[in-house]
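Single-structure report; data block below.
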Amino acid sequence: MGPFSSQEEFKDYLVERTSSAVAHHLPALRRLAAPVRAKRHRICFIHADLHGANILIKDNRLAAIIDWEHGGWYPEYWEMTMMEHHYMDFPAMQQFWDVVYSDWVEDKLTLECALWKCAGDTILVDHLGDDFSCPRVDERLKQLTARRTAELSRP
Numbered sequence: 001m002g003p004f005s006s007q008e009e010f011k012d013y014l015v016e017r018t019s020s021a022v023a024h025h026l027p028a029l030r031r032l033a034a035p036v037r038a039k040r041h042r043i044c045f046i047h048a049d050l051h052g053a054n055i056l057i058k059d060n061r062l063a064a065i066i067d068w069e070h071g072g073w074y075p076e077y078w079e080m081t082m083m084e085h086h087y088m089d090f091p092a093m094q095q096f097w098d099v100v101y102s103d104w105v106e107d108k109l110t111l112e113c114a115l116w117k118c119a120g121d122t123i124l125v126d127h128l129g130d131d132f133s134c135p136r137v138d139e140r141l142k143q144l145t146a147r148r149t150a151e152l153s154r155p
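Numbering (the UniProt record's numbering), first residue to last: 1 to 155.
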């Protein structure tokens with residue numbers, strides 16, 4: 001993919017990549033993309049496929065990061081959303097990345113979840129499914145709400 005001349009071109013590519021089977025989802029995807037596109041993001045060189053199998057540890061220290069075939073210049077949040085994709089079913093790793101990324105990116109992750117559901121190699125939402133919720137974002141917001149409620153109820 002790419003190279004892209006701008007952040008907008010990069011996001012357009014991702015949104016337009018949806019197959020014709022889910023083209024009716026484009027308006028919803030564009031709505032989810034609007035807040036992400038509204039903010040300028042630094043472009044950084046990242047691995048883009050960072051997961052346990054690509055991180056080598058020796059003597060309890062980072063020894064190497066391997067498999068750079070997906071590496072490239074992406075928006076600064078891209079590594080986090082890709083790691084989220086790899087660790088979707090691993091709560092302990094999600095907790096670890098929550099600490100690493102203190103600036104959590106709900107709007108970006110919500111958009112990426114929607115794209116994962118209806119674009120790429122595997123379509124996870126059929127033509128009748130319109131559920132673009134992101135369980136990870138929903139759970140995090142529920143936890144934040146519970147924390148705020150508990151704080152407000154303290155004397």
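Even for Gly, the Cβ is constructed at its ideal location relative to N, Cα and C.
All values reported here derive from a predicted model rather than from experimental measurement.
- A direct Cα-to-Cα measurement between Leu-56 and Pro-135 gives close to 30 Å.
- Taking the C-beta atoms as reference points, Tyr-77 is found nearer than 7 Å to Lys-108.
- Residue range 135-153 is occupied by the alpha helix (DSSP H) that includes Leu-144.
- DSSP places Tyr-87 in the coil class of the three-state scheme, outside both helix and strand.
- By the beta-carbon neighbour count (other beta carbons within 10 angstroms, threshold 16), Ala-150 is exposed.
- By the criterion of at least three beta-carbon pairs nearer than 8 Å, the segment 36-53 is in contact with the segment 73-90.
- For Pro-27, the enclosing alpha helix (DSSP H) covers residues 26-38.
- Taking C-beta atoms as the reference points, Leu-32 and Leu-111 count as a pair closer than 7 Å.
- Taken atom to atom, the span from the alpha-carbon of Phe-4 to that of Lys-11 is near 10 Å.
- Assignment of Gly-52 by DSSP, reduced to helix, strand and coil, places it in the helix class.
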